[in-house]
Amino acid sequence: MPEIIDKKVNLEFPLGHHLHCMIAQIPNHLKRADIGFSLEDPEEKWRLVSSVLNLVAAGEGNLKKLHFLLFPESSIPTARFDNVLTMIGERFRPNTVTVFGVEHIRLRDYRALLERFRGDNAEALGLVDHDIDSGDVLDMPVNWCCIAVKEADGRLRVFLEAKSHPFHGEEYIDKFHDLYRGRHFYLFRSRPSCFNFMAIICLDYLYRDLYMSNIRQIIDHSNQIFFTTRQGLDALFVIQCNPKPEHRAYRDVISGFYGEYLEDTPGVRETVTVFGNASDETTIEGSPAKGAFGSSYVVVNHNHRLAQASFSEFATDDFDGAPVCRLRFGKGTRLFYFNLPPQHEIDPRTSRVPLKVHAIMAVDDRGEWRKIDVDDSVGGHVTGQVSAA
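Per our numbering, residue 3 is the first one in the sequence shown, and the count goes up by one each step.
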């Protein structure tokens, strides 16, 4: 099972106040390539991604309060990896965390990136080198993501993770097409705000064998933090390119994570889990799924008691009876901007709603992101410009 590596980062989040998150639910068009899967339209995809980055950098309205930005799994062209880092480093505000999945690359190239950012990835580099010493794996495809942390003093830190479990398109009889299994997850412990968070890729949330599972490791590690520091895991971000985001397997794991059915889990009791998926325009060569993507969602402990609500672009529910409250978004190509609930249970006497949707944006005919009126008929309509691409 992957090892959990603690990393201290300098993030000065507002104490005792909620944080803000944006999910970029944008489409992926993936085709089989010599190295796993690649994007069919890398330049068009870059224009879409850069429009989101420009929007966040401009920070109009309360977007300047953004703390976490999530792009889907396998959504950034490899050739534009440095462009993303440059834009984050030069234009994003301090105390910003950006999580983005990147096109597949060979393990030898992934290792080179770990070496390039050795200062932040030394432990991960050692785990990869151990695998390289064990066999002929340098040409294996890697499904990977980057967690770019712009610290309070403006320093940009770059952390890399490899997915430990394949998605549908990577489950292939040819051994060469097997996905490299990542060996680590990072758990970020931010100071001085004492906000702890993780980011993982899609099925890594579910992956398990008969004796252990990724999620059990995360729970046990978070419990250890709680028992030694009285802190816990405040947020878990899961980026996806998933045609079955609401599969029963997710509900089962979420129920175990929040339900404390097998053991007391104080380390994750107040964790906010954010699932950021690709939109329903997504296509994967060889996959029969059409229009099945989308439905990003946010899950919190049932003690937060979200009121039942249903709008054109989002709704709340309990995920078919799970011991949680869930905010579920629609399937379309959208930007979802919302707050993360504070890291504690709400006062049972208050009527204050801990989770609010601040804005939902769609691309208009000119390629500009504009707010959607969610109170209108299903699908909403464009009401006001947020920012130009």
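Beta carbons: idealized from backbone N, C-alpha and C, even for Gly.
For this session: Taking 8 Å as the threshold, find out whether the segment 3 to 14 comes into contact with the segment 185 to 193 through three or more Cβ pairs.
Result: Yes, the segment 3 to 14 touches the segment 185 to 193.
For this session: Enumerate, from N- to C-terminal direction, the unbroken beta strand (DSSP E) stretches of 3 or more residues contained entirely within the segment 186 to 247.
Result: Correct list: 186 to 194, 197 to 203, 237 to 241.
For this session: Have a look at Arg253, Ala201, Thr285, Thr231 and flag the residue whose alpha-carbon is nearest the alpha-carbon of Asp43.
Result: Nearest Cα to Asp43 within the set Arg253, Ala201, Thr285, Thr231: Thr285.
Problem set entry | contact_flag[the segment 213 to 229, the segment 264 to 277] where n(CB pairs < 8 Å) is 3 or more | Between the segment 213 to 229 and the segment 264 to 277 there are three or more inter-stretch CB-CB distances shorter than 8 Å, so the stretches are counted as touching.
Problem set entry | Euclidean distance between Cα positions of Ile7 and Lys152 | About 19 Å.
Problem set entry | Between the CA atoms of Arg336 and Ala59 - distance to the nearest angstrom | Computed Cα separation, rounded: 18 Å.
Exercise. With 16 as the cutoff for other CB atoms within 10 Å, does Glu126 come out buried or exposed?
Worked result: Contrary to the premise, residue 126 reads as Ala rather than Glu in this sequence. Under this definition Ala126 is a buried residue.
For this session: Decide if Glu166 is buried, meaning its Cβ has at least 16 other Cβ atoms within 10 Å, or exposed.
Result: A small correction: the amino acid at residue 166 is Ser; Glu does not occupy that position in the sequence shown. A buried status is given to Ser166, since no fewer than 16 other beta-carbon atoms sit within 10 Å of its beta-carbon.
Problem set entry | Limits of the alpha helix (DSSP H) - the one that Val58 falls within | Here the alpha helix (DSSP H) through Val58 covers 44 to 60.
Exercise. Expressed to the nearest angstrom, what Euclidean distance is found between the alpha-carbon atoms of Ala154 and Pro16?
Worked result: Rounded to whole angstroms, the separation of the alpha carbons of Pro16 and Ala154 is 12 Å.
Problem set entry | Beta-carbon proximity check, His132 vs Asn97, cutoff 9 Å | Between His132 and Asn97, the C-beta gap is not smaller than 9 Å, which leaves the two residues out of contact.
Problem set entry | Which residues DSSP lists as bridging Asp8, in chain order | Under DSSP, Asp8 shares a beta bridge with Leu189.
Exercise. Under a three-way DSSP split, which group does Phe83 fall into?
Worked result: Phe83 carries a helical assignment under DSSP once its states are collapsed to helix, strand and coil.
Exercise. What did DSSP end up calling Phe313 once you bin it into helix, strand or coil?
Worked result: Phe313 falls in the coil class under three-state DSSP.
Exercise. Any chance the segment 233 to 241 sits against the segment 196 to 208, with 3 or more Cβ pairs inside 8 Å?
Worked result: The segment 233 to 241 is in contact with the segment 196 to 208.
For this session: Check the DSSP bridge columns for Ile149 and list the partner residues they point to.
Result: DSSP links Ile149 through a beta bridge to Val101, Phe161.
For this session: In the DSSP assignment, find the unbroken alpha helix (DSSP H) run with Val255 in it and report its ends.
Result: That run of the alpha helix (DSSP H) goes 250 to 261.
For this session: For Tyr260, I'd like the list of residues in its chain whose CB is within less than 6 Å of its CB, leaving aside the five on either flank, ordered along the chain.
Result: Close CB contacts of Tyr260 within its chain, under the 6 Å cut and outside five residues either way in sequence, are with Asn303, Pro325, Val326 (chain order).
Problem set entry | Residue of Arg253, Val365, Asp377, Val255 minimising C-alpha distance to Val359 | For the set Arg253, Val365, Asp377, Val255, the Cα lying nearest the Cα of Val359 is the one of Asp377.
Exercise. Per DSSP, Met363 forms a beta bridge with which residues?
Worked result: The beta-bridge partner set that DSSP reports for Met363 consists of Leu337, Lys373.
Exercise. Taking buried to mean at least 16 other C-beta atoms within 10 Å of its own C-beta, is Pro290 buried or exposed?
Worked result: Exposed, because fewer than 16 other Cβ atoms sit within 10 Å of the Cβ of Pro290.
Problem set entry | Within 9 Å, strictly: CB atoms of Leu162 and Asn123 | Pairing Leu162 with Asn123 gives a Cβ-Cβ distance under 9 Å.
Exercise. Going along the chain, which residues of its own chain have a beta-carbon closer than 6 Å to the beta-carbon of Pro245, five neighbours each way excluded?
Worked result: Closer than 6 Å at the Cβ level, and outside the excluded window around Pro245, lie Ala291, Ala294, Phe295.
Problem set entry | CA nearest to the CA of Met3, picked from Val301, Pro343, Ala309, Ile220 | Check the Cα spacing between Met3 and each of Val301, Pro343, Ala309, Ile220: the tightest is with Ile220.
For this session: Please decide whether Tyr252 counts as near chain C, where near means a Cβ-Cβ distance under 9 Å.
Result: You won't find chain C in this structure, because it holds only one protein chain.
For this session: Taking 9 Å as the cut-off, decide whether the C-beta atoms of His22 and Lys67 are in contact.
Result: For His22 and Lys67, yes; Cβs fall inside 9 Å.
For this session: Using three-state DSSP, classify Asp319 as helix, strand or coil.
Result: Secondary structure at Asp319: strand, using DSSP grouped into helix, strand and coil.
Problem set entry | Helix, strand or coil at His69 according to DSSP, with G and I counted as helix | Residue state, collapsed to three classes: coil.
For this session: Sort Gly128, Gln27, His20 by Cα distance to Ile333 and report the nearest one.
Result: Sequence check: residue 333 is Lys here, not Ile. Lys333 has its Cα closest to that of Gln27, out of Gly128, Gln27, His20.
Problem set entry | Within 9 Å, strictly: CB atoms of Val395 and Tyr112 | With the chain covering 3 to 391 only, the question about residue 395 has no answer from this structure.
For this session: Going by DSSP, name the residue or residues bridged to Asn303.
Result: Its beta-bridge partners are Val326.
Problem set entry | First and last residue of the uninterrupted alpha helix (DSSP H) at Arg120 | The continuous alpha helix (DSSP H) containing Arg120 extends over residues 120 to 136.
Exercise. Name the DSSP beta bridge partners of Leu78, please?
Worked result: A quick correction: the sequence has Ile, not Leu, at residue 78. Paired residue(s): Val104.
Problem set entry | Reference Asp222; option with closest CA among Phe239, Leu189, Gln242 | Nearest option by C-alpha distance: Leu189.
Exercise. How about Val101 and Ala164: are their beta carbons less than 9 Å apart?
Worked result: Contact flag unset, no.
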